[in-house]
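Chemist: As numbered in UniProt numbering, residues 1 to 317 make up the sequence shown, in order.
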Amino acid sequence: MSLQGKVLIPQRDSETFISAIGHLDGRIDLFKNEVFVEENGEPASATGGIQLDIGNQALMDLCMMASKLAYENANMHFVDFYNCRNDYQQERSTQVFILWDKPKDANLILISFRGTEPFDADDWSTDFDYSWYEIPKLGKVHMGFLEALGLGNRAKTSTFQEHLQVKNTRFTSSNSVHGTAGHSEGRKNKAKAFMTAYFAVKTKLKSLLKEHKNAKFMVTGHSLGGALPILFPTVLALHEEEEMMQRLLGVHTFGQPRVGNRQLGRFMEPHLVHPVPKYLRVVYCNDLVPRLPYDDKTFLYKHFGTCLYFNSLYIEQ
Numbered sequence: 001m002s003l004q005g006k007v008l009i010p011q012r013d014s015e016t017f018i019s020a021i022g023h024l025d026g027r028i029d030l031f032k033n034e035v036f037v038e039e040n041g042e043p044a045s046a047t048g049g050i051q052l053d054i055g056n057q058a059l060m061d062l063c064m065m066a067s068k069l070a071y072e073n074a075n076m077h078f079v080d081f082y083n084c085r086n087d088y089q090q091e092r093s094t095q096v097f098i099l100w101d102k103p104k105d106a107n108l109i110l111i112s113f114r115g116t117e118p119f120d121a122d123d124w125s126t127d128f129d130y131s132w133y134e135i136p137k138l139g140k141v142h143m144g145f146l147e148a149l150g151l152g153n154r155a156k157t158s159t160f161q162e163h164l165q166v167k168n169t170r171f172t173s174s175n176s177v178h179g180t181a182g183h184s185e186g187r188k189n190k191a192k193a194f195m196t197a198y199f200a201v202k203t204k205l206k207s208l209l210k211e212h213k214n215a216k217f218m219v220t221g222h223s224l225g226g227a228l229p230i231l232f233p234t235v236l237a238l239h240e241e242e243e244m245m246q247r248l249l250g251v252h253t254f255g256q257p258r259v260g261n262r263q264l265g266r267f268m269e270p271h272l273v274h275p276v277p278k279y280l281r282v283v284y285c286n287d288l289v290p291r292l293p294y295d296d297k298t299f300l301y302k303h304f305g306t307c308l309y310f311n312s313l314y315i316e317q
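(1) Among residues of its own chain, excluding the 5 on either side of residue 287, which ones have a beta-carbon nearer than 6 Å to its beta-carbon?
(2) Going by C-alpha distance, which of 133, 160 and 138 is nearest residue 270?
(3) State the Cα-Cα distance for the pair residue 217 and residue 3, rounded to the nearest angstrom.
(4) With a Cβ-Cβ cutoff of 9 Å, do residue 247 and residue 209 count as a contact?
(5) So who's on the other strand from residue 306, going by DSSP bridges?
(6) Pull up the CB-CB distance for residue 253 and residue 220, whole angstroms please, since I reckon it's below 8 Å.
(7) If you drop the 5 nearest sequence neighbours on each side, which residues of the same chain put their C-beta closer than 6 Å to that of residue 179?
(8) From residue 151 to residue 301, what distance separates their C-alpha atoms?
(9) Tell me where the beta strand (DSSP E) around residue 7 begins and ends.
(10) Rounded to a whole number of angstroms, what is the C-alpha to C-alpha distance between residue 264 and residue 239?
(11) Can you grab the Cα-Cα spacing for the pair residue 81 / residue 224, in whole Å?
(12) Are there 16 or more other CB atoms within 10 angstroms of the CB of residue 84, so buried, or fewer, so exposed?
(13) Once you ignore the five residues that flank residue 212 on each side, which residues in its own chain have a CB closer than 6 Å to its CB?
(14) Check residue 80 in the structure and name its three-state DSSP category.
(15) Going by Cα to Cα distance, which pick from 134, 99, 196 and 306 is closest to residue 88?
(16) Roughly how many whole angstroms lie between the Cα atoms of residue 37 and residue 58?
(17) Would you mind stating whether residue 232 and residue 273 have Cβ atoms separated by less than 9 Å?
(18) May I have the straight-line CA-CA distance separating residue 177 from residue 104, to the nearest angstrom?
(19) The ligand ZN and residue 312: does the residue's C-beta get closer than 8 Å to at least one heavy atom of that ligand?
Structural data, given as structure tokens:
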């Protein structure tokens, strides 16, 4: 009598595919003590909307699981999944998905950006890239993260101005290249906008918020995917999308790198810090990524917002 078996080769596009991140931590159950929606479909809060404070365990748990799922196969029951183009890298290297708490009269819309994949050289090169781009009123912003959102290409820095739609203002960058995009270049950039993360997510989110009048939205992500969630509402504020910003419930990031200088933090304080804190950064022990890019006198990158730090024993400090 002989034993027989077969070897299954993992297929990236299959519904059962699990990434290296998924194998390292197989937990998928959500925190059960609180719910966003009752069994009858009504909002869990008595006021008919979501009343959650920064650091709420149920909300943090949801964001954490969404950040984790962003690494996995896209063939799941999401509102939408986007595999977006990074013009500088000349490939679709920015992934983001959108989900909601229920398909009818949603209360919560969650946007999750995928983070740094362990064996993706392009992702790690973005994390270790210290190039910056200076936006008037906003400050100096990490150039690689702007490119990941599809807001420009350092090979032609005038594309940043085109996508950020700031007119008659001199932009500067660590590449020391200036200029204004011509009309033909502008049309080309606008044609590409639908493929880029910022414009794709913004368009879909605006449609969802219009459809679901009581819904608010959260943005989350891990590592590189933690930088993009804070930049997304930052650019919304820059574009004066006041109605959308008023419906922002919060931003929760995990292992997020620094995204800009101190001026960026001051710009976002009225939107994310005062009067009610909406921005929470979760940092684990000696994780390298939250300490990049450096905050020394050369690079001047600075964190802002509320930091929740855990030591090596997973004890909050």
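Virtual Cβ for every residue (Gly too), placed ideally from N, Cα, C.
Modeler: Quick answer:
(1) 255
(2) 138
(3) Residue 217 and residue 3 have their alpha carbons spaced roughly 53 Å apart.
(4) yes
(5) 280
(6) Indeed they touch by this definition, with Cβ atoms about 7 Å apart.
(7) Residue placement at residue 179 is poorly supported in this model, since its pLDDT is 38, which falls under 50; the coordinates still yield a value, given next. Answer for residue 179: 158, listed in chain order.
(8) 20 Å
(9) No beta strand (DSSP E) contains residue 7, which DSSP labels as neither H nor E.
(10) 15 Å
(11) 17 Å
(12) buried
(13) 106
(14) Correct three-state label for residue 80: strand.
(15) 196
(16) Residue confidence is low: residue 37 scores 45 on pLDDT, short of 50, so the model does not pin down where it sits. No coordinate-derived value is stated.
(17) no
(18) Because the pLDDT at residue 177 is just 41, under 50, the model does not fix this residue reliably, and the point stays unresolved.
(19) No copy of the ligand ZN appears in this structure; indeed no ligand is present at all.
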